[in-house]
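Q:
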Amino acid sequence: FRVDAINFSMHDPLLRDNPPAPPGPRTRPFDYQLRRYNQSHPDIPGFLARLRVLLDSYGATFSVAEVGGDDPIPEMRVFTAGNSHLNSAYSFAFLYAQKLTPQVVARALADWPDEPGLGWPGWALTNHDSPRGLSRWAEPAHRLAFARMTMLLLMSLRGNPFLYYGEELGLTQVEIPFDELQDPEAIANWPLTLSRDGARTPMPWKADAPSLGFSSGRPWLRVGDDHSALAVDVQEADPHSLLHLTRRLVALRKAEPVLRLGRLERIAADGDLLSFERWHDNRRIRLAFNFGAEPAEIALEGAVWAEVNGATPDLLPPLGAIAVEG
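Residue numbers for the sequence shown follow the working numbering, beginning at 28 and rising by one.
Here it is as structure tokens:
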């Protein structure tokens, strides 16, 4: 169960007005106020404890919170603390990052240390409310390689990885003209608010079918101009496609407790390089990622579990990544 915008679930009983925000550039009416009386009510954790009792009464359930705001990490920890609140909350650390760098990833991981009583994190690189990450973070010529690297990264993190539809295909953001917009917020705040419609376009199933196989009628939103080459049937036929890589990495994570449950150690962000270790039952997996445009020498020994973009235990090409046991 995904609980949307949970920190807005309770408002001030007196319905007092929020004070205005300090002067500064804003893109939405929502941002012109300090959300003192309609966000982060102190009784929300108690409500979540009651909700957890209800969910647990149905047996095997899983709950995840969406917690937005200017400083969501403290609330995410409270809302998932112990075994009496929600099971997890997913971080916004990547969703609105202008650039995905080793430093951004390292800071996000440090916010969720492996400590008793601290909630279980969740990670998403893109979702229905943010522009697709590939279009924000990678130039067109490098998007496939970037997608392969970040897929290994996502499947290697401590916590639950969340895949947004089309991420397994490498879908890009679609430019939607104003007269085709469906997103009410984007229409109301045009052109200051970037439309969410561009990340919600039809799933491309068949490269040569009308609407790429999504519908025999006119879809709610247009299909992406470059999405036919990324269609499911095209990638099914290519054993080296991002779709097949995603399946292999998901299967690897499901099969290996060290990736699902292992503690996270030795996080390092050095220039364009990111590295960390996962440990479980005396097994160690070392992971290294090159976010840069130049190759980087490394020194890892052991059995290679996964590699992308030509990475080896000795060398990470641009956007190369590797996972090694030992």
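We treat Cβ as the ideally placed atom computed from N, Cα and C, and that holds for glycine.
1. Give the C-beta separation of residue 182 and residue 335 to the nearest angstrom, bearing in mind that I take them to be a contact with Cβ-Cβ under 8 Å.
2. Residue 309: buried (16+ other C-beta within 10 angstroms of its C-beta) or exposed?
3. Do residue 248 and residue 231 have their C-beta atoms closer together than 8 Å?
4. Could you check what DSSP says for residue 36 in three-state terms: helix, strand or coil?
5. With a Cβ-Cβ cutoff of 8 Å, do residue 333 and residue 279 count as a contact?
6. Which whole-angstrom value is the C-beta distance of residue 110 and residue 149, which I expect to be below 8 Å?
7. Between the Cα of residue 233 and those of 243, 224 and 225, spot the shortest distance and give me the residue it belongs to.
8. Residue 214: buried (16+ other C-beta within 10 angstroms of its C-beta) or exposed?
9. Restricting to Cα atoms, I'd like to know which of 122, 86 and 163 is closest to residue 189.
10. Within this structure, are the beta carbons of residue 196 and residue 125 separated by less than 8 Å?
11. For residue 216, does the three-state DSSP call read helix, strand or coil?
12. Relative to the C-alpha of residue 75, which candidate in 47, 32, 245 and 340 has its C-alpha closest?
13. According to DSSP, simplified to helix, strand and coil, what is residue 207?
14. Assess, as a yes-or-no matter, whether the region 76-84 is touched by the region 92-103 under the definition of 3 or more beta carbon pairs within less than 8 Å.
15. Give the DSSP bridge partners of residue 59, in chain order.
16. What does the alpha-carbon distance come out to for the pair residue 120 and residue 135?
17. Given 7 Å as the limit, tell me if residue 234 has its C-beta closer than that to any heavy atom belonging to the ligand ZN.
18. Using only the alpha-carbon positions, how far apart do residue 206 and residue 217 sit?
19. Is it right to say residue 54 is buried, meaning 16 or more other beta carbons lie within 10 angstroms of its own, or is it exposed?
20. Can you tell me whether residue 84 is buried or exposed, with buried defined as 16 or more other CB within 10 angstroms of its CB?
21. Determine the burial state of residue 200: buried for a count of at least 16 other Cβ atoms within 10 Å of its Cβ, exposed for fewer.
22. So who's on the other strand from residue 317, going by DSSP bridges?
A: On the basis of the data shown:
1. 11 Å between Cβ atoms; not a contact.
2. exposed
3. no
4. coil
5. yes
6. 17 Å between Cβ atoms; not a contact.
7. 243
8. exposed
9. 122
10. no
11. helix
12. 32
13. helix
14. no
15. Per DSSP, none; premise fails for residue 59.
16. 6 Å
17. As for the ligand ZN, it is missing from this structure, which has no ligand bound.
18. 11 Å
19. exposed
20. exposed
21. buried
22. 300
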